[in-house]
Amino acid sequence: MLTDFGYILLFIIAALILLGVMLTIAKFLRPHNPNEEKLTTYESGEEPLGNANIQFNVRFYVVALIFVLFEVELLFLFPWSVVFGSEELIAQTNGRWGWFAMAEMTVFIGILIFGLAYAWAKGYLDWVLPKPQIPEVKSPVPADLYAKVNERYKK
Numbered sequence: 279m280l281t282d283f284g285y286i287l288l289f290i291i292a293a294l295i296l297l298g299v300m301l302t303i304a305k306f307l308r309p310h311n312p313n314e315e316k317l318t319t320y321e322s323g324e325e326p327l328g329n330a331n332i333q334f335n336v337r338f339y340v341v342a343l344i345f346v347l348f349e350v351e352l353l354f355l356f357p358w359s360v361v362f363g364s365e366e367l368i369a370q371t372n373g374r375w376g377w378f379a380m381a382e383m384t385v386f387i388g389i390l391i392f393g394l395a396y397a398w399a400k401g402y403l404d405w406v407l408p409k410p411q412i413p414e415v416k417s418p419v420p421a422d423l424y425a426k427v428n429e430r431y432k433k
């Protein structure tokens with residue numbers, strides 16, 4: 279007789295075997311005829327302009343980090359709000375629990391507001407998109423050779 283963990287192990291083994299069988303069958307059934315155009319960098323139909331090593335605007339990362347920061351704030355606020363109103367904790371501490379929890383969250387939100395004001399004052403939240411610049415890269419391959427390759431694949 280198998281235990282519950284034995285059944286789980288059997289499901290995992292069966293899933294791995296099924297995955298292996300499906301991938302093997304798919305490898306034999308799929309068409310495999312690569313050509314020069316399929317092997318180019320931009321298979322999606324976009325024509326490459328210049329070098330593919332471009333730098334993204336740092337504002338994307340800054341906005342993403344600020345978003346994550348305020349999401350983490352919400353993760354702290356929800357459990358705090360549930361525990362803050364606990365009558366049992368307030369009764370055990372003679373009412374001091376409520377003031378302590380309120381002061382703690384006021385300091386936390388104050389630090390976050392200060393950080394937001396700092397980012398705003400520094401202009402990190404301004405969304406002015408600069409004109410894209412094609413970077414100059416020193417390459418042993420001459421630029422006219424890239425132009426010839428691009429001309430060859432032009433439609």
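With the numbering used here applied, the sequence shown has no gaps in its numbers, which climb one by one up to 433 at the end. Every residue, glycine too, gets a C-beta built ideally from N, C-alpha and C. Quick caveat, the model's predicted, so the values are computed rather than measured.
- According to the DSSP assignment, LYS400 belongs to the alpha helix (DSSP H) that extends over 374-400.
- Counting along the chain, THR302 sits inside the alpha helix (DSSP H) bounded by residues 282-307.
- Classified as exposed, ALA425 has fewer than 16 neighbouring CB atoms from the shown chains inside 10 Å of its CB.
- For TRP405, there is no enclosing alpha helix (DSSP H), as DSSP marks it with neither H nor E.
- ALA342 is positioned such that its CB atom lies no closer than 7 Å to that of PHE362.
- Per the C-alpha coordinates, the member of ILE344, THR281, ASN335 and ILE387 positioned closest to PRO413 is ASN335.
- DSSP places ILE368 within a helical segment (H, G or I) once states are collapsed to three.
- A straight-line Cα-Cα distance of about 11 Å links ASP404 and PHE338.
- Counting along the chain, LEU423 sits inside the alpha helix (DSSP H) bounded by residues 421-430.
- One Cα belongs to ILE344, the other to MET383, and the distance between them is close to 19 Å.
- Between the beta-carbon of PHE386 and that of PHE348 there is about 12 Å, and that puts the pair past the 8 Å contact cut.
- If you look at PRO357, you'll find it in the alpha helix (DSSP H) that goes 336-362.
- Annotation: PRO312 to THR318 spans about 10 Å, alpha carbon to alpha carbon.
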